[in-house]
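Report on the following structure.
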């Protein structure tokens, strides 16, 4: 499952690593845009299969940040 | 008076300071990041210097690049605006060392205000009521728990050195406090290099009212009355006005008098000179010091337009060593002013919405002023705060200002990105707003779509 950025901004922090198990609602990535922090949460439980972003990388709304495997 | 001024900021405030400075005969130097190369504040300046790439640390926060730009252009003074380096005592010192006049308070006064725990202690020492809280910062969770037990839940957790809503969280229980402490300590470390956070009592429905201060370097100090800034989202102001509805028609004169006296006492305790603002929470007829801001406020125009005091002009004159010729008894309010911060953000969930400004047509008319940082065809990037423009509306009284505002907001045309004009329209049409029944949680209960 692809987890996209819900705002355009910059990646402030990546809170998970590949292989990590996450529960629904866990914070995966924290984005920063216009002086505001926005957590990106796991929509459902799973395992982090792929990280497609790194700190300070600019992202657009809709860009996939994390891929979760069920 | 110096003859040239570098403006170490961007957007609407850089533009506004430039306009005032040029009207006083000064040569203005703009500095810009790559994201702002085409911005109006750059085009209007007499000279412009590129600072670097868009991220603030590489551009508007880059002290070395700013000082170099001032040296290379022969700028005699620097105005920092608000945000960025405006409250950075190190930057002020660097200016002084380079022989450049810093338009703001003395660096030591800035340092006293910047550390909020220290500022609180200084204010309390000067007899100014402060919000009950941790005395000084707490460095660990055990300390936070102890302080919270003494203050009583709910508590507000703040990162020392934070501001503008960054590094703040409310905790209603011990479990929430643990989470809030970790988030704020993280933020304080990331931004300011240390873990210090402090706690204070959280009021469920306070008003935010602040007092404008103006002082010179010869010991003259006066206040320029109050502003109310209760309408906020995420602890950031959305609508401001002068005067506060709490004091309209001569209501509660003793409370206002006590607040302006306290603001002057706080400013004296900080050794203040230049323009500054003392912020208070007001609840149940009592007021409490929050902080003193060592800079021009975003919302300064509502004071200027109702008192006739040119705050930016005075900042420049005071920085050049001139004496304040205004007297406290000359300060009086005429009419009412409202300021609406037009943000590039979703008007319902308040999420940031950078993008291209395909259409940008601000309203015009009697009593309407728009301070805009962008022009049609410009692009709003995610690197800076979401403020596109300020719509400032005056009227002979509050009711007239509100009616004019509604018309002005209806005529404000913005296309290409989400913006909060629809939110402002809901606010001015809200009965509680019209009655002046404001508190800092107004937007959680009112002006819903």
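Protein chains in written order, with our numbering: chain F, 1 to 70; chain A, 71 to 519.
Glycine included, every Cβ here is placed at the ideal spot set by N, Cα and C.
If you're wondering where the values come from, they're calculated on a predicted model, not measured in any experiment.
For residue 345 of chain A, which residues from the same chain have a beta carbon less than 6 Å from its beta carbon, with the 5 sequence-adjacent residues on both sides left out? Cβ neighbours of residue 345 of chain A beyond the five flanking positions: 284, 366, 381 and 385.
Compare the Cα-Cα distances from residue 79 of chain A to each of A:72, A:517, A:311 and A:151 and report the closest residue. When only C-alpha atoms are compared, the closest one is A:151.
If we define contact as Cβ-Cβ less than 8 Å, is residue 49 of chain F a contact residue for chain A? Interface residue (Cβ-Cβ distance to chain A less than 8 Å): residue 49 of chain F is not classified as such.
Whether residue 123 of chain A touches residue 8 of chain F by CB criterion (8 Å): no
Interface flag, residue 9 of chain F vs chain A, CB-CB below 8 Å: Judged by the 8 Å Cβ criterion, residue 9 of chain F is in contact with chain A.
If you follow the alpha helix (DSSP H) that residue 521 of chain A is in, where does it begin and where does it stop? Chain A is shown only over 71 to 519; residue 521 of chain A falls outside these bounds and no answer can be derived.
Selection of the segment 416-434 of chain A by Cβ proximity to chain F, strictly under 8 Å: 421, 422, 423, 424 and 425
Once you ignore the five residues that flank residue 81 of chain A on each side, which residues in its own chain have a CB closer than 6 Å to its CB? The residues are 443.
Stretch-stretch touch, CB-based, cutoff 8 Å, three pairs: the segment 428-445 of chain A with the segment 387-404 of chain A: Contact between the segment 428-445 of chain A and the segment 387-404 of chain A is absent: fewer than three C-beta pairs spanning the two stretches fall below 8 Å.
Could you tell me if residue 17 of chain F is buried or exposed, where buried requires 16 or more neighbouring beta carbons within 10 angstroms of its beta carbon? The residue in question, residue 17 of chain F, is exposed, as its Cβ has fewer than 16 Cβ neighbours within 10 Å.
Who are the neighbours of residue 454 of chain A on chain F, taking C-beta pairs under 9 Å? Within chain F, the residues near residue 454 of chain A are 34 and 35.
Tell me, to the nearest whole angstrom, how far the beta carbon of residue 267 of chain A is from that of residue 229 of chain A; I am working on the premise that it is less than 8 Å. 5 Å
Determine the direct distance from the alpha carbon of residue 301 of chain A to that of residue 320 of chain A, and round the result to whole angstroms. 22 Å
Limits of the unbroken alpha helix (DSSP H) element including residue 327 of chain A: 323-339
Under 8 Å, with one C-beta from each stretch per pair, do the segment 89-96 of chain A and the segment 455-464 of chain A reach the 3-pair mark? Under the 8 Å Cβ criterion, the segment 89-96 of chain A does not count as touching the segment 455-464 of chain A, having fewer than three qualifying pairs.
List the endpoints of the continuous alpha helix (DSSP H) containing residue 494 of chain A. 491-498
Mind the definition here: the segment 31-39 of chain F touches the segment 104-112 of chain A only if three or more C-beta pairs lie below 8 Å; say whether that holds. no
Simplified DSSP assignment, three categories, for residue 302 of chain A: strand
What are the boundary residues of the alpha helix (DSSP H) that includes residue 213 of chain A? 211-221
On the CB-based measure, 16 or more other CB atoms within 10 Å of its CB, does residue 277 of chain A come out buried or exposed? Buried.
Can you list, in chain order, the residues of its chain whose CB lies under 7 Å from that of residue 143 of chain A, leaving out five sequence neighbours each side? 76, 99, 117 and 119
Taking 8 Å as the cut-off, does the segment 431-440 of chain A touch the segment 322-332 of chain A (at least 3 CB pairs, one atom from each stretch)? no
May I ask you to check if the CB of residue 276 of chain A is nearer than 7 Å to at least one heavy atom of the ligand NAP? In terms of ligand content, the structure shown is empty, and the ligand NAP therefore cannot be addressed.
Just checking, does the segment 339-353 of chain A make contact with the segment 145-164 of chain A on the three C-beta pairs under 8 Å criterion? no
Go ahead and label residue 347 of chain A buried or exposed: buried means 16 or more other beta carbons lie within 10 angstroms of its beta carbon, across all protein chains shown. buried
So residue 461 of chain A packs on residue 410 of chain A, CB below 8 Å; how close in whole Å? Residue 461 of chain A to residue 410 of chain A, Cβ: 4 Å. Contact.
When the Cα of residue 163 of chain A is compared with those of A:313, A:186, A:137 and A:154, which residue comes out closest? A:137
So, using beta-carbon positions, are residue 67 of chain F and residue 50 of chain F closer together than 8 Å? yes
C-beta atoms of residue 169 of chain A and residue 187 of chain A nearer than 8 Å: no
Output the distance between the C-alpha atoms of residue 497 of chain A and residue 503 of chain A, rounded to the nearest integer angstrom. 6 Å
Throw me the rounded Cβ distance for the residue 227 of chain A and residue 238 of chain A pair, which I believe falls under 8 Å. Between the beta-carbon of residue 227 of chain A and that of residue 238 of chain A there is about 7 Å, and that keeps the pair under the 8 Å contact cut.
Quick check on the burial criterion: 16 or more other C-beta atoms within 10 angstroms. Buried or exposed for residue 220 of chain A? exposed
In the segment 376-417 of chain A, which residue ranges form an unbroken alpha helix (DSSP H) of at least 4 residues, counting only runs that do not cross its ends? Segments of the alpha helix (DSSP H) lying fully in the segment 376-417 of chain A: 381-389.
Classify residue 129 of chain A as helix, strand or coil using the three-state DSSP reduction. Coil, per DSSP.
Rounded to a whole number of angstroms, what is the C-alpha to C-alpha distance between residue 519 of chain A and residue 418 of chain A? Distance between the alpha carbons of residue 519 of chain A and residue 418 of chain A is about 7 Å.
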